[in-house]
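*Asks:* Dumping the structure here so I can ask a few things about it.
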Amino acid sequence: MNSIILRTGTVFILPLLLLVSVVILLRGHNEPGGGFVGGLTAATAMLLHMLAFGPKEARKLLPIGPEAMIGVGLLLALFSGIPAMFAGLPAFKALWTDFEPVQGVKFSTPLIFDVGVYLTVAGVVILIIFSIAEYRGHRAIDAQHASDARAREEAS
Amino acid sequence: MTAQLLASLPLLVPMTGLVLCLVFWRWVALQRGVMVGVALSLSATAVALLLRTTGGEVLAVRLGDWPAPMAITLVVDQTAAIMVLLTAVVAVACTLFSLGGIDRTREHSAYYALLCGLFAAVCGAFTTNDLFNLYVWFEVMLMSSFVLLSLGGRRAQIEGAIKYVTLNLISSTLFLAAIGLTYAMLGTLNMADMAERLAAAENPGQFTPVAAIFLVAFAIKSASFPFFYWLPASYHTPPSVISAVFAGLLTKVGIYVMIRFFGLMFPASHPDAGMIYHIILWLGGFSMVTGVLSAAAQMEIRRILSVHIISQIGYMLMGLGIAGSALHRAANDGDPGGVLAGAAALALAGTIFHIAHNMVVKVNLFLVAGTVERICGSGDLNRIGGLYAARPGLAALFLIPALSLAGIPVLSGFWSKFLLVRAGLVAEAYVIIGVSLFVSVLTLFSMIKIWIYAFWKPAPENAEPHNPDRDPTVGPMRWQYAGSLFLTCVTILIGVFANQAIRAARIGADQLIEPRAYLDAAMDRAGEPASADPASAGEGVAR
Amino acid sequence: MHLLMAITVGMMYATGLYMMLRRSIVKLLIGLVLLSHGSNLLIFTAAGLSEGNPPLIRPGEDGMVGPHTDPLPGALILTAIVISFAILAFACVLVKRGYEEVGTDDQNAMNTTDQ
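Protein chains in written order, with numbering that gives the first Met the number 0: chain U, 0 to 155; chain Z, 0 to 542; chain F, 0 to 114.
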C-alpha cells in the first residue's frame, strides 16, 4: 500500500501502540488487560507497519524472528513454573516479591508468565501475518526450498 | 523424587523440548539433539512412574497449588503410566527413524518442535483430570498434527489435511458444547468431582444425553465406526514417520479418554450404564468389520495399514463394552462367585494390553512401510516386489509385527486377543467374540497380502531403478532400521514377558473398575498416597 | 434472554451446518467458524446469564460482594476463542493452498486421496 498519510501516521502511531501494549501487559494482573491482549496490540502495531511499508521492512523492525519470539515466550512461561518447584510447592504456584520494578506492579512469577504469554502471542500473530503476506504461491516456495537445500549442501 | 514433580514430568519434558526446539530455530543439529534428549528422558520418567504406581499408588499434582476441585489436576495411575511409557517408546522409535528418514526441508520447518508439541499434548491428555484441560490438549494435538500433516504441501497432503481438519474440528466443537452443558449441569469440570456428584445425584440419567455428545466427539477422535472417514483419507499422505506417529498415538488417545470418561461417569450402578456400554459394543463390532473389509480392498501398503487402525480400534471398544456390560449385569442381576466381575477386569486388562501392543506394532509397520517406499520408490503393491531376496533383514522386521498384529502366539498381539476372547467367553458375549476371531483371520489375510506382493513376488519388470542410499535430501538408512529394530524388540519382549505385562494391565484395570484411589488423589483428600511420601509433605500437600 | 440466546445458538449451529454441507470450501470454512462460535455462546448461555453483575472486585473491597456472574465460563470461552483463532488462521492458509493446488474451491474435485 502506498499512501503517504498511512506511512507518516505509522511512524507516530507505532511507538504509541507498543507503549500501550506494555501498559496493558503490566496492569493485567489486577485490572482488565494482560499478556494476551498486550501481545495482540503489539502484533497490531507490526501489522500496521507491514501495511504501510511492506513485510520486508517490517521484518527489519524485529530484533529476533517471530519463531524465536515464540520460543523465548514459551521459555519464560515455562520457567515461571519452576521456582515453585524448588520451594517444594507444585509447579506453577504463584510466588510474589515486594520488589516493584514499576510503580504498583510487584515482581512475581505470574508477571514472568504474562511476559511469556505476551511474547508468544505477539510472535504467533506476527508469524501468521507474515506467512500470509509473504506467501507467493507454492511453486516459488518450492524453488526457495530447493535453493536453500543446495546452499546448505555446498556449505557442508 | 517427589510425587508431584514426577507426576508433572510427562508434561514438562516434551514442553521443554518444544521450547528449546523453537529457541534453536536456526540450528537443526541442536534440535535433533533436543529430540533425542526428550525421547530418552520421557522414557526414564515413564519407567519411574510405572514403578511408582505398580503398588496401587496414584500420583497427583494440582498445578498452581489451587484447592482440589478447582485446580487442573494431573493424575497418574497405573493405566496412565503404561500409556505414557508407550508414548515414550513411540517417541524413541520415531526419533531414531526421523534422523534418517525425514527430509532436510521438513527439519528446517519446525518438524522437531511440532513433534515435541504432539508428544506433550498426548502425555497431557493421558494424565489430566480436568475436562477442559483435556479439550486444550486435544486442540494442541490437533494443531501440531494439522501442521505435520500438511508440511510440504503436495496436493494429496492438502486434500487429506482439509478432510482431517474439518472432521476433527467438528469433533472439537461437539466436545466443547458438551463441556458447556456439563458445567451447567454439574457445576464442575474436574472429572473426579463430576463422577462423585453424578453418583450422588438424584436423577443421574439427566447427564446421559450429554454423555452421548461426548461419545460422538470421542468416537470421531478415535476413528471408530461410523465416524472414521477422515482417517483413510489423510493418514497415507504425509511421510511415513509422521503417519506412524499419528497411527500410534492420536486414535489411541481417543480410546483412552473414552475408557477414563465412561469408567468414571458410568459405573455399574448408573441406570444407563447398560445402554451406553451396549452402544460401545456395537460400535466396536462394526469398526472391526468395516476396517478389515476395506483393508482387503486396498492395494497400497500404507492405505492397508491405515484402515487396519479402524479395525484395531474396534477391538479396544469391544473390550470396554464387554467390561462395562458385565459389570452392569453383575450389579443388576447379582454375580455369584464374582465371575462377571472377574471377566470385566480381564476385558479391561485386555483393552489396556491391546492399546499398548497396538501402539508398538502399528508404528513399527508404518515405519517399515516407509523404508519399503524409500527402497522401491512406491508403496503400490502392484509395482514393487522382490524385497525378501534383496533385503531379508527388512523382511524379518516386517514379518514379526505383522504376525503380532494378526495375533500369532507368543507375540504380543496374541496375548491381548487371548485376554479379550477369554473375558468375552466368561461374560457370554459370544457374537462379538465370533466377529473378533473372524476379523483376526482377515487381518492375517491382509498382512499375508503385503508379504506376498512386496516381499515374496519377484520385482516387476518395469520397476524403475532407484538407489535409496544415495538420496541427498534425507539421512542415512541405518537410522530407519534402528527405529524398526527397537520396536520389534519391544514387541518380542512384551510377548516373552507377557506375564509381567498382563499383571501391570490387570492392576490398571482394577484401578479403573474401583477408582477410589484415583478419586481420592484427584480430589486431594486426607490420607492420599502422595502424603505418605515424606519429601512431598510440605505445605503443598498438608492441609 | 435465555430464550433469545438459545435461538441464536440454534441458528448459528443450523447456519454453520448448512454452510458445511455446501460444496465450496470457503463456505466450509465459514461453517466451521459459525459452529465454533455457536459452541462458545452455548457455554455462555448454559452456564447462566445475569445482567449487570460483572465478577469484579471493586476498589476498597476485600472480595466479591453481592451477586455476581460465574467468571469461569468467560475464562473457558476466552481459551476456546484463542484456540479456534489459531486453528482457523491455519485453516485459511490451508484453503488458499488447496485452491492453488487443485485450481477450484469445489470439494468434489478434492477426491484424489479417497480412491
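We put the CB at the ideal spot given by N, CA and C, even for glycine. The structure displayed is predicted, hence computed values, not measured ones.
(1) Opposite residue 342/Z in the DSSP bridges: which residues?
(2) So is residue 6/F buried or exposed if we call it buried at 16+ other beta carbons inside 10 Å?
(3) Which word fits residue 527/Z, buried or exposed, when buried means at least 16 other C-beta atoms lie within 10 angstroms of its C-beta?
(4) Three Cβ pairs or more, each shorter than 8 Å: is that satisfied between the segment 508-520 of chain Z and the segment 251-270 of chain Z?
(5) Per DSSP, what kind of secondary structure is residue 133/Z in: helix, strand or coil?
(6) Span of the alpha helix (DSSP H) holding residue 75/Z?
(7) List, in chain order, every chain F residue whose beta-carbon is nearer than 8 Å to that of residue 123/U.
(8) What in chain Z is Cβ-close to residue 64/U, meaning under 9 Å?
(9) Examine chain Z for any beta-carbon lying closer than 8 Å to the beta-carbon of residue 8/U, and answer yes or no.
(10) Tell me which residues share the same chain as residue 538/Z and place their Cβ nearer than 6 Å to its Cβ, disregarding the 5 neighbours each side in the sequence.
(11) How big is the Cα-Cα spacing for residue 169/Z and residue 195/Z?
(12) Excluding the five sequence neighbours on either side, which residues of its own chain have a C-beta within less than 8 Å of the C-beta of residue 532/Z, listed in chain order?
(13) Where does residue 65/Z fall in DSSP's three states?
(14) Answer with buried or exposed for residue 57/F, where buried requires no fewer than 16 other C-beta atoms within 10 angstroms of its C-beta.
(15) Take residue 552/Z as the anchor and find which of 62/F, 75/F, 48/F and 22/F has the nearest alpha-carbon.
(16) Using a cut-off of 9 Å between C-beta atoms, extract the partners of residue 23/F located in chain Z.
(17) With distances taken between CB atoms, is the gap from residue 396/Z to residue 425/Z smaller than 8 Å?
(18) Quick check: is the beta carbon of residue 14/Z nearer than 8 Å to any beta carbon in chain U?
(19) Note down, in chain order, all residues in the segment 55-84 of chain U with a beta-carbon under 7 Å from any beta-carbon belonging to chain Z.
(20) Kindly provide the ranges of any alpha helix (DSSP H) runs that are 4 or more residues long and lie completely inside the segment 229-258 of chain Z, ordered along the chain.
(21) Residue 404/Z and residue 370/Z - do their beta-carbons sit closer together than 8 Å?
(22) When the cut-off is 8 Å and only beta carbons count, does residue 528/Z lie next to chain U?
(23) Tell me whether the segment 328-343 of chain Z and the segment 53-69 of chain Z touch, counting them as touching only if at least three CB pairs, one residue from each stretch, are closer than 8 Å.
(24) Could you work out which residues of chain F lie near residue 23/U, taking near to mean beta carbons separated by less than 8 Å?
(25) For residue 31/Z, collect the residues of the same chain with a Cβ closer than 6 Å to its Cβ; drop the 5 residues on either side in sequence, then sort them by chain order.
(26) For residue 66/Z, verify whether its CB is less than 7 Å away from any heavy atom of the ligand MN.
(27) Quick one: what does DSSP say residue 195/Z is sitting in, helix, strand or coil?
(28) Verify whether the separation of the beta carbon atoms of residue 34/U and residue 120/U is less than 8 Å.
(29) Enumerate in chain order the residues of its own chain whose CB-to-CB distance from residue 193/Z is below 8 Å, with the five nearest sequence positions on each side excluded.
(30) State the DSSP-derived secondary structure class of residue 57/Z, mapped to helix, strand or coil.
(31) So, does the CB of residue 20/F fall closer than 8 Å to a CB anywhere in chain Z?
(32) Quick one: is residue 531/Z near chain F, going by C-beta distance under 8 Å?
(33) Decide if the segment 349-368 of chain Z is in contact with the segment 475-492 of chain Z; the criterion is three or more beta carbon pairs, one per stretch, under 8 Å apart.
(34) So, residue 24/U versus residue 44/U, is the Cβ gap smaller than 8 Å?
(35) Got a sec: is the Cβ-Cβ distance from residue 88/U to anything in chain Z below 8 Å?
(36) Contact check, residue 84/Z vs residue 45/Z under 8 Å by CB: the rounded distance?
*Replies:* Let me spell this out:
(1) The partner list for residue 342/Z (beta bridge, DSSP) is empty, contrary to what the question assumes.
(2) exposed
(3) For residue 527/Z, the predicted structure reports a pLDDT of 45, less than 50, and the residue's modelled location is therefore unreliable. The matter cannot be settled from this model.
(4) yes
(5) helix
(6) Element bounds for residue 75/Z: not the alpha helix (DSSP H) but the beta strand (DSSP E), 72-75.
(7) 85
(8) 24 and 25
(9) no
(10) Any reading at residue 538/Z needs caution, since the residue's pLDDT is 33, under 50, leaving its predicted position unreliable; the model's value is listed next. If we look at residue 538/Z and ignore the five residues flanking it on each side, it has no Cβ neighbours.
(11) 29 Å
(12) Confidence in residue 532/Z is poor, its pLDDT being 40 and thus under 50, which makes the residue's placement unreliable; the coordinate value appears in the next sentence. Excluding sequence neighbours, residue 532/Z sits near 1 and 2.
(13) coil
(14) exposed
(15) This structure does not reach residue 552/Z, given that chain Z is present from 0 up to 542, and the question cannot be answered.
(16) Here the premise fails: no neighbours, minimum Cβ distance about 12 Å.
(17) no
(18) yes
(19) 64, 66, 67, 69, 70, 71, 73, 74, 77 and 84
(20) 229-233
(21) no
(22) Summary for residue 528/Z: the model assigns pLDDT 46, below 50, so the residue's position carries little reliability; its value from the coordinates is reported in the next sentence. For residue 528/Z, the answer is no, since every Cβ of chain U falls outside 8 Å of its Cβ.
(23) no
(24) Under the 8 Å cutoff, chain F gives no residues; its nearest Cβ is about 15 Å from residue 23/U.
(25) none
(26) You won't find the ligand MN in this model; it holds no ligand whatsoever.
(27) helix
(28) yes
(29) 130, 181, 185, 187, 263 and 264
(30) coil
(31) no
(32) Bear in mind that the predicted position of residue 531/Z carries a pLDDT of just 39, short of 50, making it too unreliable to give a figure here.
(33) yes
(34) no
(35) yes
(36) 4 Å
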